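All remarks here apply to the structure that follows.
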């Protein structure tokens, strides 16, 4: 088992990575110290892993809130069900909320924990690659508004993250590929050698080779943790983690939540960010091709919906990363060298949006 | 104008107290620095003060969310309307939420600000005595659950508090008296000389004498600020501020939100806490009478609803101040000497509950 410690002063916590962790009761009991536990999961994951987790929590008072599965349910209305479960079980401030599922479950469970009695503990048990490499580091929690993603939420760090890589065996291959988009992102923004390692090991990753998987998860968490530790509240460097996200949000919002997976939208968005970086003269055409090839090999869709450049820009304008009306974007000054930039010619952005969002002649 | 600074390190903020502050545009513009402002108010307060506030914010982009008036609307559902207003106006992270109203408006506006985009600024313009002496210090925000008060919320400090004492002239006298309960509370838990001053000046307070009012608000905020500064996240001494609240929550929950005002329930609860303190031998019978007399002179109801001791205990058990199943209460070791205690004979609590909640023969 790999153990990684996220250093955040009094809010530091461990990430445990490896196969078979859900079967290790002592490990679970140590990570989830509370007597009262509410497990938040969804209708897909609960039948697969809830009983196993509950066996590991024997002797505690455990309840479960099983939510409908899907990004379209990441709402205040669904969140209210988690609060109902906490209140109806009379859980107090010493309770612990455990997120068993992917990023949506983690975001909602974490947000519920942040708000219940103004803050109780929570532990993440991510069961998707995306959640294992992304949601488990950074402390972001929240829900969507019908007009925009993640507009309502809180920063709330987990007490521990337990990433059982065996859970990826039941993951929809499409979800696995969406998770790989975020793994590739870490290479693109901060670690060229890791990107080269991914190019060399992509087939093994897709085949769920356990040791290759563990390394990819660990390195992804490390890169994210390094960036988050420098900038916990997202005022500066942390914005690098949003590579592809501003473009991706436009795709997700235009198509409605659920049609594109988040990681898929980010993948297509990273391709656009690379394209714009090339138009600015910051990235060689060969590097854009390198990005495109790796994303395509990972099985990720690169064709954005043809919603028009104007609509895409409008949707990007609602994005959280707007500062005083100006669209700051994460771009690449090279592979492994992400930068946050608001100072670029509007024409270059227009050209990228036209190339990707306009209907072709 | 009085100016009090709440010292909380990087989250320190000023409280401005005095008559006519809402008419002072430069002061408002300084306290509310953001360009984009959402004023959250309710159907009672907005017609009285919204236009005045908006005149003071000329040149900014100002929108308003007007909520229904009453504790029964302090819910996630009402909160969603504030989020809708923020999103529909495309307010970004630099926006400021301004709470114009009483404690309910302040709690919801503050919670919305805490969660919108994971945290934007907010400024309080409290228009009730209760909000001016209580809600404006401490950073507690949140909404009720149908099974308990303030169960969902966040700690989020305002950037500034503007307490215009002229707004108390339009306040329902019953609301004024409810606010006085909290003012009396500060004397009881931490400041006997202040309690004596209140005894001497109660009639002037009830007559809204401006300078007496300003002193009462300022001293209340100071006492609360001293306690909060020591214990921002409510792990120890801050619990003193809950004098009367655990008993009071039982009253409020049993009767449904809205029948008893919060301050009224706290007033009756403080009388019960004094009664229990006497049964424990900590408070003289004459001191209990001193408490009763002052609360009665302030026009506060002291007769709890006759819901029975068992039901009252059950409702107290759901209260947030329960630690691992044990009911910790704020009691008095003397006037001006509040203590937080979980170690007392159950029989004494039972006797107090019987005296106050059981139907009389």
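Protein chains in written order, with this note's numbering: chain G, 13 to 373; chain A, 13 to 373.
All C-beta atoms in this analysis are idealised placements derived from N, C-alpha and C, irrespective of residue type, glycine included.
All of these numbers come straight from a predicted model, not from anything done at the bench.
Hey, out of G/233, G/256 and G/250, whose CA is closest to residue 143 of chain G's CA? When G/233, G/256 and G/250 are compared, the shortest CA-CA separation from residue 143 of chain G is found for G/233.
With H, G and I counted as helix, E and B as strand and the rest as coil, what does DSSP make of residue 223 of chain G? It is helical.
What are the partner residues of residue 54 of chain A, as DSSP defines its beta bridges? Partner(s): A/79.
Shorter than 8 Å from the beta carbon of residue 127 of chain A to some beta carbon of chain C? The structure shown contains no chain C; its protein chains are G and A.
Could you pull the start and end residues of the beta strand (DSSP E) that residue 15 of chain A belongs to? Taken as a continuous stretch (DSSP letters only), the beta strand (DSSP E) holding residue 15 of chain A covers 14-18.
Can you list the residues of chain G that residue 327 of chain A reaches, using a CB-CB cut of under 7 Å? One finds nothing in chain G with a Cβ atom closer than 7 Å to the Cβ of residue 327 of chain A; even the nearest lies about 12 Å away.
I need the straight-line Cα distance from residue 82 of chain G to residue 77 of chain A, nearest angstrom please. Their Cα atoms are separated by approximately 31 Å.
Neighbourhood of residue 211 of chain A by C-beta distance below 7 Å, restricted to the same chain and skipping five residues each side: Excluding positions up to five away in sequence, the list reads 306.
Measure from the C-beta of residue 339 of chain G to each C-beta in chain A and report whether the shortest distance is under 8 Å. Cβ-Cβ to chain A under 8 Å: no for residue 339 of chain G.
Look at the alpha carbon of residue 149 of chain G and the alpha carbon of residue 257 of chain G, and state the distance between them as a whole number of angstroms. Going from the Cα of residue 149 of chain G to the Cα of residue 257 of chain G covers about 17 Å.
Using 10 angstroms around the beta-carbon of residue 276 of chain G, count the other beta-carbons present and answer buried if the total reaches 16, otherwise exposed. In summary, residue 276 of chain G is buried, with 16 or more beta-carbon neighbours lying within 10 Å of its beta-carbon over all protein chains present.
Could you check whether the Cβ of residue 157 of chain G sits closer than 8 Å to any Cβ belonging to chain A? For residue 157 of chain G, the answer is yes, since a Cβ of chain A falls inside 8 Å of its Cβ.
If the criterion is Cβ atoms closer than 8 Å, does the pair residue 137 of chain A and residue 183 of chain A meet it? No, the Cβ-Cβ distance between residue 137 of chain A and residue 183 of chain A is not below 8 Å.
If we cut at 8 Å on Cβ distances, does residue 348 of chain G have a partner in chain A? Cβ-Cβ to chain A under 8 Å: no for residue 348 of chain G.
Is there at least one Cβ from chain G nearer than 8 Å to residue 224 of chain A's Cβ? Not one chain G Cβ lies under 8 Å of residue 224 of chain A.
Which runs of the alpha helix (DSSP H) spanning at least 4 residues fall entirely within the region 86-136 of chain G, listed in chain order? Secondary structure within the region 86-136 of chain G: the alpha helix (DSSP H) runs of 4 or more consecutive residues, fully enclosed, are 88-100 and 115-127 (chain order).
Against chain G, with Cβ distances strictly below 8 Å, would residue 88 of chain A count as a contact? Interface residue, yes.
Within the continuous alpha helix (DSSP H) that includes residue 308 of chain G, where are the two ends? Per DSSP, residue 308 of chain G belongs to the alpha helix (DSSP H) from 297-309.
Assuming residue 62 of chain A and residue 51 of chain A are in contact, meaning their beta carbons sit under 8 Å apart, how far apart are those beta carbons, in whole angstroms? Going by Cβ atoms, the distance from residue 62 of chain A to residue 51 of chain A rounds to 7 Å, so yes, they are a contact pair.
Can you tell me whether residue 153 of chain G is helix, strand or coil according to DSSP? Strand at residue 153 of chain G.
Quick one, which residues of the region 82-107 of chain G are near chain A if we go by CB-CB under 9 Å, in chain order? 88, 89, 91, 92, 95, 96, 98, 99, 100, 102, 104, 105 and 106: these are the residues of the region 82-107 of chain G whose beta carbon lies less than 9 Å from some beta carbon of chain A, given in chain order.
Classify residue 357 of chain A: buried if its beta carbon has 16 or more other beta carbons within 10 angstroms, exposed otherwise. The residue in question, residue 357 of chain A, is exposed, as its Cβ has fewer than 16 Cβ neighbours within 10 Å.
Could you work out which residues of chain G lie near residue 152 of chain A, taking near to mean beta carbons separated by less than 8 Å? Within chain G, the residues near residue 152 of chain A are 130.
Using DSSP with H/G/I as helix, E/B as strand and the rest coil, what is residue 170 of chain G? In the three-state DSSP reduction, residue 170 of chain G falls in the coil class, being neither helix nor strand.
Does residue 44 of chain G come within less than 8 Å of chain A when only Cβ atoms are used? Residue contact with chain A for residue 44 of chain G: absent (no Cβ-Cβ distance below 8 Å to any residue of chain A).
Looking at the C-beta of residue 165 of chain G, does it have a partner C-beta in chain A at a distance below 8 Å? Contact of residue 165 of chain G with chain A is assigned, a C-beta pair being separated by under 8 Å.
Residue interval of the alpha helix (DSSP H) (run including residue 346 of chain A): For residue 346 of chain A, there is no enclosing alpha helix (DSSP H), as DSSP gives it neither H nor E.
Look at the alpha carbon of residue 152 of chain A and the alpha carbon of residue 167 of chain A, and state the distance between them as a whole number of angstroms. Between the alpha carbons of residue 152 of chain A and residue 167 of chain A lies a distance of about 5 Å.
So, is the C-beta of residue 160 of chain G closer than 8 Å to a C-beta in chain A? Closer than 8 Å: yes.
Determine, using beta carbons only, whether residue 99 of chain A and residue 53 of chain A come nearer to each other than 8 Å. Contact check for residue 99 of chain A against residue 53 of chain A fails: the beta carbons are separated by 8 Å or more.
Secondary structure at residue 175 of chain A, three-state DSSP: helix, strand or coil? Note: residue 175 of chain A maps to strand in three-state DSSP.
Locate the alpha helix (DSSP H) running through residue 39 of chain A, then write down its first and last residues. Start and end: 37-43.
Strictly under 8 Å for the Cβ-Cβ distance: is residue 368 of chain G near chain A by that measure? Residue 368 of chain G does not count as touching chain A.
On the criterion of 16 or more Cβ atoms from any shown chain inside 10 Å, does residue 296 of chain A qualify as buried, or is it exposed? The Cβ neighbour count for residue 296 of chain A, taken over all protein chains shown within 10 Å, is under 16; the residue is labelled exposed.
Residue range of the alpha helix (DSSP H) that residue 196 of chain A falls in? Looking at the DSSP string, the run of the alpha helix (DSSP H) that includes residue 196 of chain A is 185-202.
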